[in-house]
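Chemist: Just dropping this structure here.
There are 2 protein chains.
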Amino acid sequence: MSDLPDDLLRTLAAALGDGFRLDADERLTYGYDNSRRHALPDAVALPTTREQVVALVRACRTHRVPVIARGRGTNTTGAAVPTAGGIVVSFERMRRIVDVRPGDRCAVVEPGVLNGDLQRALKAHGLFWPPDPTSADFSTVGGNLACNAGGPRAVKYGASRDNVLALTAVTGSGALIHCGSATTKGATGYDLQRLLVGSEGTLALIVEAMLKLAPLPASRRAIRARYRDVESAAAAVARLMAQPTTPSMLEFMDGDAVRLAREIGGADLPADTGALLMIEADGDAHTLPHAIDALISAARGDGCLEALPAADEAARERLWAARKALSPALRSLAPGKINEDVVVPVSRIPALVAGVRTIARDRALPIVCFGHAGNGNLHVNLMYDPADADQRARAQTAMADVFALTLSLGGTLSGEHGIGLAKRDFMPQAIDAPTLAMMRAVKTAFDPDGILNPGKLLPP
Amino acid sequence: MSDLPDDLLRTLAAALGDGFRLDADERLTYGYDNSRRHALPDAVALPTTREQVVALVRACRTHRVPVIARGRGTNTTGAAVPTAGGIVVSFERMRRIVDVRPGDRCAVVEPGVLNGDLQRALKAHGLFWPPDPTSADFSTVGGNLACNAGGPRAVKYGASRDNVLALTAVTGSGALIHCGSATTKGATGYDLQRLLVGSEGTLALIVEAMLKLAPLPASRRAIRARYRDVESAAAAVARLMAQPTTPSMLEFMDGDAVRLAREIGGADLPADTGALLMIEADGDAHTLPHAIDALISAARGDGCLEALPAADEAARERLWAARKALSPALRSLAPGKINEDVVVPVSRIPALVAGVRTIARDRALPIVCFGHAGNGNLHVNLMYDPADADQRARAQTAMADVFALTLSLGGTLSGEHGIGLAKRDFMPQAIDAPTLAMMRAVKTAFDPDGILNPGKLLPP
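The listed protein sequences correspond, in order, to chains C and U.
Residue numbering for the first sequence follows full-length UniProt numbering, starting at 1 and increasing by one per position.
Residue numbering for the second sequence follows full-length UniProt numbering, starting at 1 and increasing by one per position.
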């Protein structure tokens with residue numbers, strides 16, 4: 001049974017028809033996300049139109065009932081978990097690709113479109129949408145926008161916020177707003193659309209997005225660069241980012257990650273490899289060889305053991321397979337994992353990795369670092385046994401250590417996963433009190449009664 | 001004499017010392033901008049530190065006195081004109097380049113640094129800051145950020161908003177806030193820094209900016225592509241933007257602009273030229289020839305009379321000289337000019353230019369179009385005689401026609417100049433009432449008493 005007021009139940013049933021669900025198993029299903037947190041919503045809404053979303057938010061505002069937007073729940077921070085109850089609004093039925101306009105390099109989509117489905121539709125036009133999170137095949141564009149998802153390609157093409165032209169959204173007061181325009185340049189009032197990106201459903205519910213697209217490059221080629229140690233690999237990252245040929249991917253693995261990829265993942269990586277860069281360039285038949293030459297030349301330097309292009313597409317695939325084998329391989333270290341996606345300025349990567357090594361030693365837990373080096377966005381994986389209370393406590397302490405270290409290096413808490421519940425209580429360390437107060441004032445401007453995804457992103 | 005309360009005068013004199021000016025000629029000097037509007041401020045402040053700015057805003061808030069941030073007054077919209085009186089805050093004494101960090105591709109600057117001075121300092125590091133407004137040599141970075149300035153390079157590198165990592169700013173309540181971080185990726189709370197960009201001093205005063213830099217390309221080469229008519233040039237723009245080699249500039253001139261450049265500017269442009277594209281690529285010795293080939297191939301097509309690379313640097317300079325000769329040449333048509341920088345989706349450029357031609361005929365005034373075609377950002381120049389009341393009225397009507405046309409094509413009022421006073425009253429046509437109300441709520445969150453640049457950007 002639901003605790004929602006009868007009046008609200010009637011209104012929502014009338015507005016949403018069979019898209020309004022109260023049964024226990026549906027509510028259970030929509031109560032989790034990939035953070036492994038869970039909370040039971042009072043109801044689930046599956047709108048098919050923006051008008052239904054407006055009606056829902058207005059009715060919920062009247063009754064001060066929380067509204068939690070949801071894509072497919074692939075986020076890792078608990079941002080989609082209805083910890084304060086209320087209505088989970090899943091956009092799975094709003095998944096139309098409304099328009100693709102190749103001449104304007106843009107597409108109009110509903111928020112429930114899967115990133116992967118969109119990419120397949122765009123391919124026919126020789127275009128793509130740059131954000132490429134690992135979850136692309138089963139995460140939605142709306143969810144990508146809500147947490148400002150990135151991925152390896154962000155080093156060249158930017159993350160979600162850099163690739164949106166306009167958003168239609170419903171604010172916490174039930175107003176339907178249209179932010180931005182179908183143009184790649186704009187200086188017409190306040191930029192509300194980029195503000196909504198990364199706001200994790202706390203300011204408004206996105207009901208339509210106009211995305212900025214990029215032309216698909218004709219081909220890609222990968223370089224495998226092995227280094228004696230993390231310091232020399234990090235110095236190479238800085239060299240790579242200081243020259244004009246921006247790589248289309250620039251991924252990093254520390255020594256432990258390399259060892260795991262070799263020993264568990266079966267990757268062909270010599271034992272003297274202290275750190276690895278996987279570098280990729282895109283272009284056409286004419287320009288790609290020169291781009292590869294430029295990147296190899298920047299990758300080589302003190303401490304570089306080897307920097308060679310993948311011979312062919314199969315070799316390129318094998319190289320990325322080593323990267324993909326990492327996540328499952330981590331489980332060989334311990335059954336539990338805290339995966340944080342901290343970001344530091346590129347020049348501070350060596351200090352971050354060295355500091356993390358010290359934390360691992362001090363807290364007696366394995367920590368493995370890999371990720372998007374071109375943006376300084378490393379995935380720091382703290383491994384522990386959740387069944388062991390002492391290890392659980394040490395993992396939490398180590399995570400706090402990693403955040404403090406990141407901030408001391410001029411970095412920030414998250415590059416592409418967002419804050420949600422997982423990092424919410426660390427926000428006051430990352431953002432000073434006047435700025436947090438300003439963020440709260442912005443939240444109140446969009447959502448005067450605080451019904452949109454309460455308890456997320458901003459600390460209580 | 002000033003009308004400011006004695007208490008405020010004492011506080012500001014104490015906080016700013018000789019950086020607080022009340023003399024009539026200083027007030028006169030700081031009362032205009034490049035919109036040719038003028039209004040007398042009650043005082044002028046020349047702060048040297050952020051603490052002075054905080055003290056000033058707090059004191060002005062107590063007395064509800066307007067605060068108008070000012071770079072060098074090159075903006076064209078009246079955004080820096082103190083129409084409601086109050087204190088003009090000129091950042092000319094805060095012009096330090098605080099730090100250049102080549103490894104992190106970023107620079108930290110005070111807001112009063114001239115764009116051109118910054119570019120010269122960055123050149124030594126092989127870097128540049130992408131925004132390149134025509135005013136670069138005498139406009140400030142703070143001013144560029146305030147109106148989201150762009151320029152020809154924006155087609156490849158983005159405008160000001162796309163090239164800022166973090167801002168330190170003073171809100172209308174006198175709070176010093178720190179928005180963003182020194183990283184090229186971030187998902188840590190609300191993106192306030194991009195919201196401040198383009199807000200024209202109505203939300204906060206920027207006191208420090210961390211800018212995202214790009215590596216200087218080794219070389220550039222230009223292509224001159226002549227077309228039979230505007231339609232075929234616009235179709236070429238769409239083709240150019242749909243292939244993977246993004247030009248570093250893609251400038252357009254309509255037939256009238258070409259004729260003026262030839263007849264008045266002395267440009268070597270044959271008389272059968274109905275429209276012109278000036279296309280530029282950047283790269284290195286290896287990649288540039290291929291980029292030029294790709295762009296020429298996309299530029300050619302139905303209606304293309306000629307698409308040839310500039311033979312050498314001198315030829316490239318001559319080509320750009322034709323573009324630069326345009327603004328002075330316009331004066332041969334009429335002594336007065338309204339220069340609007342509307343934006344449309346690239347595919348709608350032909351409809352925009354055709355519609356403008358109809359407006360010119362209907363209103364019996366010359367209108368010349370040229371500008372940044374790769375972003376659909378055209379400068380529409382309405383020529384008239386300000387001494388003739390009838391022409392003045394027709395010019396105003398024609399301007400309103402151009403805005404209505406632009407909006408009907410899915411475009412927006414401004415691409416890089418901003419709104420200020422000039423386009424403020426057209427905002428309700430461009431932005432619907434709920435979205436404008438949301439912008440007002442954001443304004444109130446940052447500036448509860450409405451003291452920051454009152455009367456600008458948002459209609460009363």
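Ideal placement from N, C-alpha and C gives every residue a C-beta, glycine not left out.
It should be emphasised that the depicted structure is a prediction, and the values quoted were computed from it without experimental measurement.
Kindly list, in the order they appear in chain C, the residues whose Cβ is closer than 7 Å to that of LYS456 of chain U.
Modeler: Result: empty, since nearest Cβ-Cβ is about 11 Å, beyond 7 Å.
Chemist: Looking at C-alpha atoms only, which residue of U:ARG27, U:LEU46, U:ARG363, U:LEU4 is the closest neighbour of LEU16 of chain U?
Modeler: Looking at the Cα atoms, U:LEU46 is the closest of the given residues.
Chemist: To the nearest whole angstrom, what separates the beta carbons of VAL53 of chain C and LEU205 of chain C, a pair I think is in contact under 8 Å?
Modeler: With 8 Å as the limit, VAL53 of chain C and LEU205 of chain C qualify as a contact, their Cβ atoms being about 6 Å apart.
Chemist: List the residues that DSSP assigns as beta-bridge partners of PHE20 of chain U.
Modeler: Answer by DSSP bridge pairing, in chain order: U:ALA45.
Chemist: Measuring only between beta-carbons, confirm whether HIS38 of chain C sits less than 9 Å from chain U.
Modeler: No, its Cβ sits nowhere closer than 9 Å to a Cβ of chain U.
Chemist: What first and last residue would you give for the beta strand (DSSP E) that runs through LYS337 of chain U?
Modeler: Looking at the DSSP string, the run of the beta strand (DSSP E) that includes LYS337 of chain U is 336-340.
Chemist: How about VAL57 of chain U and SER199 of chain U: are their beta carbons less than 9 Å apart?
Modeler: No. Outside cutoff.
Chemist: What residues from the segment 414-425 of chain U come within 7 Å of chain C, judged by C-beta to C-beta, listed N to C?
Modeler: Residues passing the 7 Å Cβ filter: SER414, GLY415, GLU416, HIS417, GLY418, ILE419.
Chemist: For THR183 of chain C, decide whether its Cβ has a neighbour in chain U, counting only Cβ atoms nearer than 9 Å.
Modeler: Output row for THR183 of chain C: interface = yes.
Chemist: Going by DSSP in three states, MET383 of chain U sits in which element: helix, strand or coil?
Modeler: It is a strand residue.
Chemist: Between VAL65 of chain U and the rest of its own chain, which residues show a CB-CB distance below 6 Å, the 5 nearest in sequence each way excluded?
Modeler: So the list reads GLY86, once near-sequence residues are dropped.
Chemist: State buried or exposed for THR83 of chain C, treating a residue as buried only when at least 16 other CB atoms are found within 10 Å of its CB.
Modeler: It is buried - the Cβ of THR83 of chain C has at least 16 other Cβ atoms within 10 Å.
Chemist: Under a Cβ-count criterion, where at least 16 other Cβ atoms within 10 Å of its own Cβ denotes burial, should PHE128 of chain C be classed as buried or exposed?
Modeler: It counts as buried.
Chemist: Are three or more beta carbon pairs between the segment 170-188 of chain C and the segment 178-188 of chain U nearer than 8 Å?
Modeler: With a cut-off of 8 Å, the segment 178-188 of chain U and the segment 170-188 of chain C do not count as touching, because too few Cβ pairs lie within range.
Chemist: With a CB to CB cut of under 6 Å and the five nearest residues on each side skipped, what residues in its chain are close to ARG348 of chain C?
Modeler: Excluding sequence neighbours, ARG348 of chain C sits near LEU409.
Chemist: I want to verify the contact list: residues of chain U whose CB lies under 7 Å from the CB of VAL442 of chain C, in sequence order.
Modeler: Residues of chain U passing the Cβ test: TYR190, VAL442, ALA445.
Chemist: Between SER347 of chain C and chain U, is the shortest Cβ-Cβ distance under 9 Å, so that the two count as touching?
Modeler: Judged by the 9 Å Cβ criterion, SER347 of chain C is in contact with chain U.
Chemist: Helix, strand or coil for residue 471 of chain C, going by three-state DSSP, please let me know.
Modeler: The structure shown does not extend to residue 471 of chain C, since chain C spans only 1 to 460, so no value can be given for it.
Chemist: Give a yes or no on whether the minimum CB-CB distance between PRO60 of chain C and chain U is below 9 Å.
Modeler: Reading the sequence as shown, one finds Cys at residue 60 of chain C and not Pro. No, CYS60 of chain C lies away from the interface with chain U (no Cβ there is under 9 Å from its Cβ).
Chemist: Considering only their Cβ atoms, is the gap separating MET249 of chain C from ARG105 of chain U smaller than 9 Å?
Modeler: Result no, Cβ atoms of ARG105 of chain U and MET249 of chain C do not sit closer than 9 Å.
Chemist: Rounded to whole angstroms, what's the CA-CA distance from GLY126 of chain U to LYS156 of chain U? Just pull it up for me.
Modeler: Those two C-alpha atoms are separated by around 18 Å.
Chemist: May I ask which residues mark the beginning and end of the beta strand (DSSP E) holding GLY180 of chain U?
Modeler: Here the beta strand (DSSP E) through GLY180 of chain U covers 176-180.
Chemist: Enumerated in chain order, which unbroken segments of the beta strand (DSSP E) with a length of 3 residues or greater are wholly contained in the segment 138-192 of chain C?
Modeler: Listed in chain order, they are 164-171, 176-180.
Chemist: So which residues on chain U does GLY186 of chain C lean against when the C-beta distance must stay under 7 Å?
Modeler: Chain U residues near GLY186 of chain C: VAL343, THR412, GLY415.
Chemist: Within 9 Å of any Cβ in chain C, is that where the Cβ of ASP33 of chain U sits?
Modeler: No, ASP33 of chain U lies away from the interface with chain C (no Cβ there is under 9 Å from its Cβ).
Chemist: Checking contacts by CB at 9 Å: is ASP140 of chain U closer than that to chain C?
Modeler: Asp is not the amino acid found at residue 140 of chain U; the sequence shown has Thr there. For THR140 of chain U, the answer is no, since every Cβ of chain C falls outside 9 Å of its Cβ.
Chemist: Start and end of the alpha helix (DSSP H) containing ARG259 of chain C?
Modeler: Looking at the DSSP string, the run of the alpha helix (DSSP H) that includes ARG259 of chain C is 255-263.
Chemist: In chain U, which residues lie less than 7 Å from ILE296 of chain C when you measure between Cβ atoms?
Modeler: The contacting residues do not exist; ILE296 of chain C stays about 13 Å from chain U at best.
Chemist: Measuring CB atoms only, is the segment 357-364 of chain C touching the segment 397-407 of chain C, in the sense that at least three cross pairs come out at less than 8 Å?
Modeler: The answer is yes - the segment 397-407 of chain C touches the segment 357-364 of chain C, with three or more Cβ pairs under 8 Å.
Chemist: Counting only beta-carbon atoms, is VAL230 of chain U nearer than 9 Å to chain C?
Modeler: Cβ-Cβ to chain C under 9 Å: no for VAL230 of chain U.
Chemist: Candidates C:THR171, C:GLY265, C:LEU165: which alpha carbon is nearest LEU211 of chain C's?
Modeler: Among C:THR171, C:GLY265, C:LEU165, the Cα nearest to that of LEU211 of chain C belongs to C:LEU165.
Chemist: Return helix, strand or coil for ARG101 of chain C, following the three-state DSSP convention.
Modeler: Strand.
Chemist: Can you pull out the residues from the segment 351-383 of chain C whose beta carbon lies closer than 7 Å to at least one beta carbon of chain A?
Modeler: Absence of chain A from the displayed structure is noted, the protein chains being C and U.
Chemist: At a Cβ cut of 7 Å, what residues of the segment 142-159 of chain C count as close to chain U, listed as they run along the chain?
Modeler: Cβ contacts with chain U: CYS147, ASN148, GLY150, ALA154, ALA159.
Chemist: Counting Cβ pairs, one atom from each stretch, are 3 or more of them under 8 Å apart for the segment 214-231 of chain C and the segment 309-318 of chain C?
Modeler: Result yes; three or more Cβ-Cβ pairs closer than 8 Å.
Chemist: What is the rounded straight-line gap between the Cα of PHE370 of chain C and the Cα of HIS290 of chain C?
Modeler: So the two alpha carbons sit approximately 27 Å from each other.
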